[in-house]
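Per UniProt numbering, residue 1 is the first one in the sequence shown, and the count goes up by one each step.
From the three backbone atoms N, C-alpha and C, an ideal C-beta is built for every residue, glycine too.
From a predicted model like this one, the values you see are computed outputs, not experimental measurements.
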Amino acid sequence: MPVNCVAPKPEYESKAPGEGLSGKNEPSNAAVLAYPQTAETQSVIQLRVFPIALKFEEVVYKVKLESKGSCWGGTWHGKEKTILNGISGMVCPGEILAMLGPSGSGKTTLLTALGGRLNGKLSGKITYNGQPFSGVIKRRTGFVAQDDVLYPHLTVTETLMFTALLRLPKTLTWEEKAQHVEQVIIELGLTRCRNSMIGGPLFRGISGGEKKRVSIGQEMLINPSLLLLDEPTSGLDSTTAQRIITTVKRLADGGRTVVTTIHQPSSRLYHMFDKVVLLSEGSPIYYGPASAALDYFSSIGFATSMTVNPSDLLLDLANGIPPDRNGGDQGENMEKEQKLVRETLISAYEKNISTSLKAELCNLDVNSFSYIKDTPASKYKKYQFRGVVYKLVASVQGAISEGIEGAAL
Ligand SMILES: Nc1ncnc2c1ncn2[C@@H]1O[C@H](COP(=O)(O)OP(=O)(O)O)[C@@H](O)[C@H]1O
Ligand SMILES: [Mg+2]
């Protein structure tokens with residue numbers, strides 16, 4: 001049986017993953033379980049979480065551009081646009097999946113679908129520990145939208161306190177909620193601006209990076225097991241971006257499952273991701289370990305002779321631009337070539353990744369993860385899992401299983 005994920009089991013968690021997520025065994029205000037009553041000494045990152053393994057198979061999303069109707073006595077049928085075209089993958093507790101692609105490639109739509117927030121013609125299968133989306137999953141999911149929606153006249157502390165009062169269970173006292181706010185402020189490095197107003201278009205307040213951290217803090221307050229972030233680093237300098245992703249990584253290391261869309265990460269950031277989904281006009285052209293993406297593309301004939309930031313190459317390819325291409329044809333010819341490159345990449349994905357991924361997802365039993373306490377030995381296993389370089393994703397997954405099973409013997 002393949003063992004794809006190694007995640008630390010929460011210290012005082014006795015349930016198997018998936019148990020307790022059916023909604024039957026948990027009280028309706030389940031978020032209270034995420035917080036010990038005496039939280040003084042615990043950082044938010046160390047709080048226990050219920051591990052959630054997120055699996056998505058063949059996700060297709062279409063929208064109607066025009067509605068059906070009648071015109072001059074005849075009927076005409078509405079046109080459909082395919083926004084997501086058969087996207088599959090899996091994220092385990094402790095992992096960060098980054099979704100890359102040019103603007104308009106469908107990243108936000110896929111993230112919204114994974115967060116159970118997408119209405120309309122969505123097909124395919126999205127499961128959380130093998131279960132469909134439910135109220136319990138919703139309470140355990142944090143969603144940070146791309147645009148920060150915050151009250152400009154509140155200070156950072158007031159904003160977080162307001163969220164805590166609204167979103168934390170009634171069973172916690174005001175003081176306990178204030179304590180959680182305090183932890184989040186410290187954890188996100190917001191101490192310096194805690195008494196500054198958020199600000200808006202008419203008056204200056206905290207910086208863009210600080211606003212983003214406040215938005216992440218609002219979600220951290222509920223101690224989510226699944227954290228979904230839409231372009232958390234867009235518009236920020238690389239140091240601030242690095243700081244935000246480092247916090248996100250620490251959240252993931254605490255056993256949370258993280259999915260983030262990201263526009264153009266620096267190479268430092270890129271290497272902090274475990275897995276990558278690369279989208280081109282709604283179609284996947286890569287899914288697999290972040291560290292294996294360049295090897296994969298060079299194995300199908302898109303090698304680069306220069307040392308590049310991996311995300312630059314991936315974004316070029318998703319736009320249909322082959323490596324080492326500077327300028328060249330313009331206009332119609334260029335469009336044709338881009339279309340051809342995209343088609344080549346999509347069919348290479350079908351051939352090399354899709355089939356084996358589908359089989360792997362189908363055979364995978366979400367309750368079969370090896371939850372290992374985060375001992376030095378397990379860290380080593382985790383390191384092994386992440387450190388191996390694979391030529392193709394098909395061989396990646398087999399090799400991962402073998403590596404971990406071998407190490408477990
Ligand atoms: N409800 C909708 N109606 C029409 N077009 C949509 C709708 N939702 C998304 N789109 C289109 O789908 C494409 C992908 O959008 P989005 O997921 O926001 O891309 P990204 O986040 O990668 O920039 C865009 O071209 C967008 O205009
Ligand atoms: Mg977007």
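Measure the C-alpha to C-alpha separation of residue i and residue j and round it to an integer number of angstroms.
i	j	result
V156	L227	21 Å
L361	M90	8 Å
K79	G282	17 Å
F203	C193	16 Å
Q179	S305	53 Å
W174	L165	8 Å
L313	I206	34 Å
I126	F56	4 Å
P284	K177	42 Å
S311	L172	44 Å
residue 413	S238	Any answer about residue 413 is impossible in this case: the structure gives the chain only from 1 up to 409.
T82	L122	10 Å
N363	G200	50 Å
G208	G235	8 Å
S134	E337	44 Å
C92	I353	19 Å
K351	A318	17 Å
L190	S298	43 Å
residue 465	L154	A query on residue 465 cannot be resolved here, the shown segment of the chain reaching from 1 to 409 and no further.
P265	S356	28 Å
G120	T112	12 Å
L168	K107	30 Å
Q242	S267	10 Å
L118	V341	30 Å
G255	N333	49 Å
K373	I52	Caution applies to K373, whose pLDDT of 37 falls short of 50 and renders its modelled position unreliable; the model cannot decide the point.
G86	Y61	8 Å
T109	Y296	26 Å
E182	R48	18 Å
residue 458	Y286	No statement about residue 458 is possible, as the shown extent of the chain runs from 1 to 409 and does not include it.
D324	L114	35 Å
A399	E210	Any reading at A399 must be qualified, since the residue scores a pLDDT of 40, below 50, and its modelled position is unreliable; no value is offered.
E343	V184	46 Å
N129	K339	38 Å
L54	A359	16 Å
residue 435	T247	With the chain covering only 1 through 409, there is no way to say anything about residue 435.
D230	V144	6 Å
Would you say the beta carbon of residue i comes nearer than 7 Å to a heavy atom of ligand 2?
i	result
Q146	yes
E231	yes
T261	yes
Rounded C-beta distance between residue i and residue j? I'm assuming under 8 Å.
i	j	result
Y270	N309	7 Å
F50	R140	6 Å
I198	P152	5 Å
F302	P322	6 Å
L84	V63	That belief does not hold up - the Cβ atoms of L84 and V63 are roughly 10 Å apart, past 8 Å.
G142	E66	Not a contact, Cβ separation roughly 36 Å.
L221	L294	About 38 Å separates the two Cβ atoms, so there is no contact after all.
Should residue i be counted as a contact of ligand 4 given a C-beta to heavy atom distance under 7 Å?
i	result
C193	Among the ligands in the structure shown, ligand 4 does not appear; only ligand 1 and ligand 2 can be found there.
Residues passing the C-beta test against ligand 1 heavy atoms, cut-off 5 Å: V63, I83, S103, G104, S105, G106, K107, T108, T109
Validate contact between the stretch 250 to 258 and the stretch 275 to 290 using beta carbons, cut 8 Å, 3 pairs: no
The stretch 213 to 231 touching the stretch 143 to 151, judged by at least three CB pairs closer than 8 Å: yes
contact_flag[the stretch 89 to 109, the stretch 255 to 262] where n(CB pairs < 8 Å) is 3 or more: yes
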